[in-house]
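The block underneath contains the structure these notes are about, expressed in structure tokens.
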Amino acid sequence: MLSRPLARSQSGNTVQVVVAIIGVVGALGAAVIANWDKIFPKPPSIEPPAGVGAKPEVKTPIVPKTEACSIAGRVFDRDTHVPLAGVFIDFYTYRDASRIKESRLLQAAAAITGPDGTFKAVCRSIPESEFPLRVAVGRRGGSQQPITIYMPLKVELHDTRTDVNLPAYFVQ
495 MLSRPLARSQ SGNTVQVVVA IIGVVGALGA AVIANWDKIF PKPPSIEPPA
545 GVGAKPEVKT PIVPKTEACS IAGRVFDRDT HVPLAGVFID FYTYRDASRI
595 KESRLLQAAA AITGPDGTFK AVCRSIPESE FPLRVAVGRR GGSQQPITIY
645 MPLKVELHDT RTDVNLPAYF VQ
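At position 168 of the sequence shown (counting the first as 1) the number is 662 in the working numbering, and the numbers step up by one without a gap.
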């Protein structure tokens with residue numbers, strides 16, 4: 495007989511323990527939910543508060559594109575030494591004199607000479623694999639006599655020249 499009342503009291507204790515555990519878990523869950531923003535903070539937002547206005551403009555820094563090469567100088571008539579204005583500076587694939595007709599145009603009008611015959615040409619869009627380059631000068635269209643000179647000037651990758659003199663002559 496003693497065993498029976500003992501079983502009831504053990505059963506009652508088990509129920510009380512389970513109820514207590516459920517209560518503790520519930521209290522902990524409520525505390526976590528109430529403090530969720532403190533436990534897991536939101537990342538900073540770039541959105542303006544409501545009614546403030548447009549979104550802020552995010553400025554991306556401008557990174558200058560590296561120049562594959564740069565040449566500057568002047569083009570002049572080889573006989574009279576008069577500066578030639580309006581002459582185009584073009585870049586071609588480099589070939590030796592015996593294979594010059596195999597050259598391929600890589601960048602047309604990289605520069606146009608000013609009234610004093612000066613120019614600055616930058617080759618930015620030419621792949622590194624195309625170097626070295628050959629410089630050609632020419633005049634296109636209009637009523638002026640055309641000039642097209644395939645210069646022996648060889649331009650290597652990352653060349654920077656500022657004193658290039660290109661003598662040109664009229665082709666009949």
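For glycine and all other residues, C-beta sits at the position ideal for the given N, C-alpha and C.
- The residue among 625, 508, 610 with its C-alpha nearest the C-alpha of residue 617 is 625.
- For residue 653, there is no enclosing alpha helix (DSSP H), as DSSP marks it with neither H nor E.
- Residue burial annotation: residue 562 is buried, with at least 16 other C-beta atoms found within 10 angstroms of its C-beta.
- Around the Cβ of residue 663, a 10 Å sphere holds fewer than 16 other Cβ atoms; the residue is exposed.
- Listed in chain order, the non-local C-beta contacts of residue 606 below 8 Å within the same chain comprise 580, 581, 582, 583, 613, local neighbours out to five positions each way being set aside.
- Taking the C-beta atoms as reference points, residue 633 is found no nearer than 8 Å to residue 589.
- Considering only 608, 609, 650, the residue with the shortest C-alpha distance to residue 623 is 650.
- For residue 586, the CB contacts under 7 Å within the same chain, skipping 5 residues up- and downstream, are 597, 598, 599, 600, 627, 628, 630 in chain order.
- Taking 8 Å as the upper bound for CB-CB distance, residue 602 and residue 565 are not in contact here, some 15 Å apart.
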